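**Student:** So the protein lines, in turn, are chains A and B.
FYI, the numbering for the first sequence is 1 to 494, going by the working numbering.
FYI, the numbering for the second sequence is 1 to 140, going by the working numbering.
Quick reminder that beta carbons are idealized off the backbone N, C-alpha and C, glycines included.
This one's a predicted model, so the numbers in the text were calculated from it and none came from an experiment.
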Amino acid sequence: MKKRIQAKWNEPLISELGGNGRRAYIPEQLDIPSVKLSDEWLRKSPPHLPEVSELELVRHVVHLSQMIHGVDVGPYPLGSCTMKYNPKINERIARFDGFTSIHPETPDDAMQGIIEVYYRTQEALKTLTGFSAITLQPPAGASGEFVGTLIMRAYHLSRRDHKRNTVLIPDSAHGTNPASAAMAGFKVLEIPSNENGTVDMDALDAVLDDSIAGLMITNPNTLGIFEKEILEITRKVHEVGGLTYLDGANFNGIVGMIRPIDMGFDIMHMNLHKTFTGPHGGGGPGSGPVGVAEHLSQFLPVPIAAYKDGMYYWDYSHEQTSIGRVHAYNGNFGIVLRALAYIYRNGGIGLRKSCEIAVLNANYLMHKVSKIRGLTIPRAHGVPRKHEFVASALPMLKETKVSANDIAKAMLDYGIHSPTVYFPLIVKEALMVEPTESETIQSLNQIYKVLQIISDEAYANAEKLHQEPTTTSIGRLDEVSLAKHPVLSERMAK
Amino acid sequence: MSNPIKVDDYIIATDRKYLKTHEWVKEIEDNVFLIGISDYAQKMLHEITYVQFEDVGEEFKKDEVILVVEALKASGDIYAPFDLKLLEVNGELEDVPEKINESPYDKGWLAKVEALSDDRSALLTPVEYAEVVKKELEEA
């Protein structure tokens with residue numbers, strides 16, 4: 001298989017392009033009367049803004065786009081990030097004038113369509129999760145976790161139950177879980193996993209008492225394994241008076257197949273930018289809605305979109321018990337809108353089918369990868385995974401000194417984004433692979449073949465693999481000095 | 001360091017005790033111990049970039065985190081093997097944390113502590129610790 005050659009432009013910064021007076025866009029004549037501002041509000045010199053022609057601008061952004069990798073360019077099996085394809089119809093809808101031109105302070109009766117989008121998304125997510133109420137405010141997954149743990153706190157405080165200071169988190173959890181729990185003021189207690197990669201029930205039993213505020217768990221977990229004893233786990237936590245929180249980062253492995261409320265969960269966050277095709281990868285914007293069971297709905301952030309007598313409106317009725325507002329203007333509307341477009345385009349049957357294919361793809365690729373020399377699939381041998389799986393490159397590292405990091409870098413030369421590496425921490429030299437339902441069998445075979453080529457090379461000429469990638473716009477970076485002495489700049493690394 | 005044990009490429013010094021979480025503990029004076037991480041631990045973490053110390057003089061209960069070792073891909077908590085008081089930290093690691101990679105059992109020591117209890121139940125012999133490493137390697 002041939003390597004891909006990525007474009008490399010000696011691209012200047014946009015502020016270094018153009019010339020005085022050049023314009024890419026001339027705004028229409030303003031019909032708003034001009035006013036004279038007092039001197040203290042007027043700037044003394046004009047701002048230093050780029051002045052470029054439309055063609056200069058287009059070339060600039062095309063050059064930049066040719067030097068990066070995205071799901072529109074090639075496979076992007078970055079585990080737990082669910083880098084599925086973002087359908088273009090989402091973008092078309094998000095650009096509708098009625099959505100883009102409206103001011104967020106518009107009165108409710110003049111932005112019925114906007115509130116309706118929020119309301120319908122809440123209703124759709126209620127159907128998919130089984131929860132009674134949803135907030136769409138949190139702008140990211142970890143923000144949703146923070147909201148969830150604040151709700152845990154508000155719930156126990158409302159019952160004057162002050163002894164609950166601990167949140168239980170399995171060792172396979174996303175790193176944001178302990179961080180969110182700590183931010184909400186809780187002590188974190190880690191629950192080890194057993195050799196099957198699922199929660200060790202004896203270890204759970206040993207720590208359950210009335211100091212437990214709740215449990216945060218990801219199911220399917222970060223190994224892609226479904227926690228089969230989930231009903232038992234949530235029952236036990238409830239028995240000692242704790243709440244149960246589902247991290248929905250891996251919702252793509254179960255969406256449309258099972259409702260989180262039926263697994264015994266009280267609170268859950270979803271990632272609309274993962275499961276429901278919001279574009280992400282450049283750091284956002286995201287959307288991390290939180291759903292709660294009936295007894296917790298009074299604690300959700302205000303306002304919630306509501307509908308009554310033919311009118312949509314913002315409902316503040318639980319303001320007194322709410323944990324408060326967590327984001328201005330109800331979160332990232334553009335991502336909520338894209339998620340609703342995706343949900344409606346697929347319908348319930350389509351979402352279920354996507355989930356089935358995501359799971360099939362992950363298991364097909366896992367089976368192929370398990371045959372590659374130097375790679376193993378640790379824990380729970382023979383147990384099918386959900387939407388992702390974790391391989392270990394430990395045998396390859398021991399036998400050839402080629403690490404998971406080297407494999408990840410080498411894959412880039414073939415036009416495939418790296419899997420998540422060194423996570424979850426319970427697997428050594430981890431490569432966490434999530435192909436998503438977007439990839440065809442041809443592209444799954446391509447990922448497999450590339451890993452096979454890298455393995456062959458590791459056992460024949462390992463040294464070469466420490467130098468890769470070589471055909472990307474930026475080669476192997478010195479990660480140690482990057483971590484210790486970072487130089488922040490808009491300019492490309494040489 | 002006489003006759004270290006080797007598990008694959010990983011060296012286990014035999015003149016000290018270990019925790020199953022990969023710290024080593026060595027008594028250097030009566031009730032005063034040095035703490036560091038094993039060769040296996042530093043190799044699993046890869047290049048170590050930063051060590052986050054707690055304040056000298058602070059006291060910790062057994063199993064509490066006394067410091068954090070940060071590497072490129074992960075960070076590792078270092079746990080108190082018994083109730084202890086932090087006497088000294090290896091200040092050199094602030095500028096050259098990679099010393100832990102280069103010399104995990106000697107120049108890369110992390111902390112000097114005073115034991116505040118007699119409970120040594122968490123400590124493993126080098127032979128017992130070798131079994132822990134073997135088991136972890138087999139799991140992959």
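So what does DSSP say about A:Met111, is it helix, strand or coil?
**Tutor:** Looking at A:Met111 - three-state DSSP - the assignment turns out to be coil, as it is neither helix nor strand.
**Student:** What do you reckon, are the CB atoms on A:Leu375 and A:Ala391 nearer than 8 Å?
**Tutor:** Contact flag set, yes.
**Student:** Hey, does B:Asp39 have any beta-carbon neighbour from chain A nearer than 8 Å?
**Tutor:** Not one chain A Cβ lies under 8 Å of B:Asp39.
**Student:** Expressed to the nearest angstrom, what Euclidean distance is found between the alpha-carbon atoms of A:Met366 and A:Gly382?
**Tutor:** The straight-line gap from Cα to Cα measures roughly 11 Å.
**Student:** Taking beta-carbon pairs under 7 Å, can you tell me which members of the segment 61-89 of chain B lie near chain A?
**Tutor:** Of all residues in the segment 61-89 of chain B, Leu72, Lys73 and Ala74 have a Cβ within less than 7 Å of some Cβ in chain A.
**Student:** Below 8 Å between beta carbons: does that hold for A:Pro486 and A:Ala410?
**Tutor:** No, Cβ-Cβ distance for A:Pro486 and A:Ala410 is not below 8 Å.
**Student:** By DSSP, does A:Pro289 sit in helix, in strand, or in coil?
**Tutor:** Coil, per DSSP.
**Student:** Based on Cα-Cα distance, which residue from A:Met1, A:Pro12 and A:Lys2 lies nearest to A:Arg491?
**Tutor:** Cα-wise, what sits closest to A:Arg491 is A:Pro12.
**Student:** Can you give the Cα-Cα distance for A:His63 and A:Lys386, rounded to whole angstroms?
**Tutor:** If I take the Cα positions, the gap works out to 38 Å.
**Student:** Cβ of A:Ala339 within 8 Å of Cβ of A:Val402?
**Tutor:** Cβ atoms of A:Ala339 and A:Val402: not closer than 8 Å.
**Student:** Quick check: is the beta carbon of A:Tyr459 nearer than 8 Å to any beta carbon in chain C?
**Tutor:** The structure shown contains no chain C; its protein chains are A and B.
**Student:** Just by C-beta distance, which residues in the segment 391-412 of chain A are closer than 8 Å to chain B?
**Tutor:** The segment 391-412 of chain A vs chain B, Cβ under 8 Å: Ser392, Leu394, Pro395, Lys398, Ser403 and Asn405.
**Student:** Since I believe A:Thr218 is in contact with A:His174 (beta carbons under 8 Å), could you give me their beta-carbon distance rounded to a whole number of angstroms?
**Tutor:** Contact flag correct, Cβ pair sits at about 6 Å.
**Student:** Cβ of A:Glu479 less than 8 Å from any chain B Cβ?
**Tutor:** Yes - at least one Cβ of chain B is within 8 Å of the one on A:Glu479.
**Student:** Within the continuous alpha helix (DSSP H) that includes A:Ile212, where are the two ends?
**Tutor:** Not the alpha helix (DSSP H): A:Ile212 falls in the beta strand (DSSP E), residues Ile212 to Thr218.
**Student:** Can you give the Cα-Cα distance for A:Gly291 and A:Glu123, rounded to whole angstroms?
**Tutor:** Using only the alpha carbons, I get a separation of about 11 Å.
**Student:** How far does the alpha helix (DSSP H) with B:Ile11 in it reach, from first residue to last?
**Tutor:** Note, B:Ile11: premise wrong, no alpha helix (DSSP H); beta strand (DSSP E) at Tyr10 to Ile12.
**Student:** Could you please tell me which residues of the segment 176-196 of chain A, in chain order, have their CB closer than 8 Å to any CB of chain B?
**Tutor:** Answer set for the segment 176-196 of chain A: Glu195.
**Student:** Report the rounded CA-to-CA distance for A:Tyr364 versus A:Val433, giving the unit in angstroms.
**Tutor:** Spanning the two alpha carbons is a distance of roughly 12 Å.
**Student:** What's the C-alpha gap between B:Val25 and A:Pro424?
**Tutor:** Their Cα atoms are separated by approximately 27 Å.
**Student:** Roughly how far, in whole angstroms, is the beta-carbon of A:Asp200 from the beta-carbon of A:Ser211, given that I think they are within contact range, below 8 Å?
**Tutor:** Not quite, the Cβ-Cβ distance comes to about 19 Å (not below 8 Å), so this is no contact.
**Student:** Step through the CB atoms of chain A and report whether any lies within less than 8 Å of the CB of B:Leu110.
**Tutor:** Closer than 8 Å: no.
**Student:** Under the three-state reduction of DSSP, which class applies to A:Pro170: helix, strand or coil?
**Tutor:** Three-state DSSP puts A:Pro170 in a strand.
**Student:** Taking 7 Å as the limit between beta carbons, can you name the residues of its chain near A:Lys449, skipping five residues before and five after?
**Tutor:** Answer for A:Lys449: Met1, listed in chain order.
**Student:** Taking Cβ positions, are A:Phe299 and A:Ile323 nearer each other than 8 Å?
**Tutor:** Yes; because the gap between Cβ atoms is below 8 Å, this pair is in contact.
**Student:** What in chain B is Cβ-close to A:Pro301, meaning under 8 Å?
**Tutor:** In chain order: nothing, as chain B lies at least about 31 Å away.
**Student:** I want to know whether the segment 10-28 of chain B touches the segment 108-123 of chain B - three or more CB-CB distances under 8 Å.
**Tutor:** Short answer: they touch.
**Student:** Answer yes or no: do A:Gly70 and A:Gly281 have a C-beta to C-beta separation smaller than 8 Å?
**Tutor:** Contact: yes.
**Student:** Is it a yes or a no for the segment 272-279 of chain A touching the segment 78-90 of chain A, going by three-plus beta-carbon pairs under 8 Å?
**Tutor:** Enough Cβ pairs lie closer than 8 Å, so yes.
**Student:** Per DSSP, which residues does A:Ile441 bridge with? Please list them.
**Tutor:** Answer by DSSP bridge pairing: none, since A:Ile441 is not bridged.
**Student:** Could you tell me which residues DSSP puts in a beta bridge with A:Asn187?
**Tutor:** For the record, residue 187 of chain A in the displayed sequence is Lys; it is not Asn. BP columns for A:Lys187 point to A:Thr166.
**Student:** For A:Leu394, collect the residues of the same chain with a Cβ closer than 6 Å to its Cβ; drop the 5 residues on either side in sequence, then sort them by chain order.
**Tutor:** Closer than 6 Å at the Cβ level, and outside the excluded window around A:Leu394, lie Lys428 and Glu429.
**Student:** Once you ignore the five residues that flank A:Ala293 on each side, which residues in its own chain have a CB closer than 8 Å to its CB?
**Tutor:** The residues are Phe131, Ser132, Ile261, Phe265, Asp266 and Ile267.
**Student:** Shortest alpha-carbon distance to A:Gly256 belongs to which of A:Arg23, A:Ala184 and A:Cys355?
**Tutor:** It is A:Cys355.
**Student:** Bridge partners of A:Leu243, per DSSP?
**Tutor:** According to DSSP, A:Leu243 bridges with A:Gly214.
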